[in-house]
């Protein structure tokens with residue numbers, strides 16, 4: 002018999018519903034639980050840092066678009082001339098990421114564990130296996146699994162890592178030369194120009 006307690010806020014109810022949905026998803030897809038575990042624990046060639054960089058920078062700059070074959074559970078980067086019986090779904094990665102982020106907010110859609118952590122059960126047999134995660138992280142990874150984002154990253158990993166390294170070098174370069182640039186900018190802002198003025202009284 003259920004017992005009554007203090008009323009739950011709409012936020013807590015939403016969290017509970019989302020967590021239930023996520024738990025059901027990972028129970029139906031045990032192979033994804035292992036992938037999730039390996040990435041979070043640093044046992045995969047795909048790091049959380051790479052995933053975050055990919056969706057926030059690389060996908061935006063590269064305008065990634067591919068098609069998902071729902072029947073074969075694979076991605077097609079070049080639209081085929083003949084579709085035959087393929088059931089294709091168009092996926093514009095950065096736009097979909099932004100839409101998902103806007104819908105859930107960073108608290109409930111984030112590759113990192115930035116908010117309240119939970120202990121998530123991965124396995125109960127032969128021994129209990131858990132992981133410290135967040136609802137946002139579980140939700141983000143579900144999105145990547147459902148849309149084969151990790152598959153795309155793995156097939157373009159060298160390019161993505163090179164893009165990230167190049168960007169970081171540019172950041173360091175700008176920081177080192179930032180003092181000179183700042184002085185130039187300040188000089189421009191403080192320049193006073195004398196020009197003739199005309200005041201008209203009607």
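In our numbering, the protein residues as written are 2 to 203.
Note that CB positions come from ideal geometry on N, CA and C, so glycine has one too.
Would you give the residue range spanned by the alpha helix (DSSP H) that residue i belongs to?
i           : result
residue 38  : 31-41
residue 176 : 158-177
residue 143 : 136-147
residue 61  : 60-63
Between which two residues does the beta strand (DSSP E) containing residue i stretch?
i           : result
residue 129 : Element bounds for residue 129: n/a, residue is neither H nor E.
residue 53  : From DSSP, residue 53 is part of no beta strand (DSSP E) but of the alpha helix (DSSP H) over 49-54.
residue 75  : 75-77
With residue i and residue j assumed to form a contact (beta carbons below 8 Å), what rounded beta-carbon distance in angstroms separates them?
i          : j           : result
residue 68 : residue 91  : 6 Å
residue 47 : residue 40  : 6 Å
residue 38 : residue 123 : 6 Å
residue 30 : residue 146 : 7 Å
Which one or two residues does DSSP pair with residue i in a beta bridge?
i           : result
residue 90  : 69
residue 154 : Answer by DSSP bridge pairing: none, since residue 154 is not bridged.
residue 119 : 134
With a CB to CB cut of under 6 Å and the five nearest residues on each side skipped, what residues in its chain are close to residue i?
i          : result
residue 87 : 70
residue 56 : 98
residue 94 : 60 and 65
residue 33 : 146
Excluding sequence positions up to five away, which residues of its chain have a Cβ less than 7 Å from the Cβ of residue i?
i           : result
residue 140 : 19, 23, 105, 109 and 110
residue 121 : 131, 132, 134 and 139
residue 26  : 143
residue 182 : Because residue 182 carries a pLDDT of 46, less than 50, the predicted location of this residue cannot be relied on, and the following value inherits that uncertainty. Correct list: empty, nothing qualifies.
residue 78  : 67
residue 80  : 68
residue 164 : 59
residue 184 : Per-residue confidence for residue 184 stands at a pLDDT of 43, beneath the threshold of 50, marking its modelled position as unreliable; the derived number appears in the next sentence. Taken in chain order, the list of residues that qualify is empty.
residue 214 : Because the chain is modelled from 2 through 203, residue 214 falls outside the range shown and cannot be assessed.
Going along the chain, which residues of its own chain have a beta-carbon closer than 8 Å to the beta-carbon of residue i, five neighbours each way excluded?
i           : result
residue 101 : 110 and 144
residue 74  : 149
residue 161 : 51, 54, 55, 59 and 154
residue 152 : 75 and 76
residue 112 : 49, 52, 53, 56, 138, 141 and 142
residue 169 : none
On the three-pair Cβ rule with 8 Å, is the segment 110-123 touching the segment 132-143?
yes
Counting Cβ pairs closer than 8 Å, one from the segment 166-178 and one from the segment 139-158, do we hit at least three?
no
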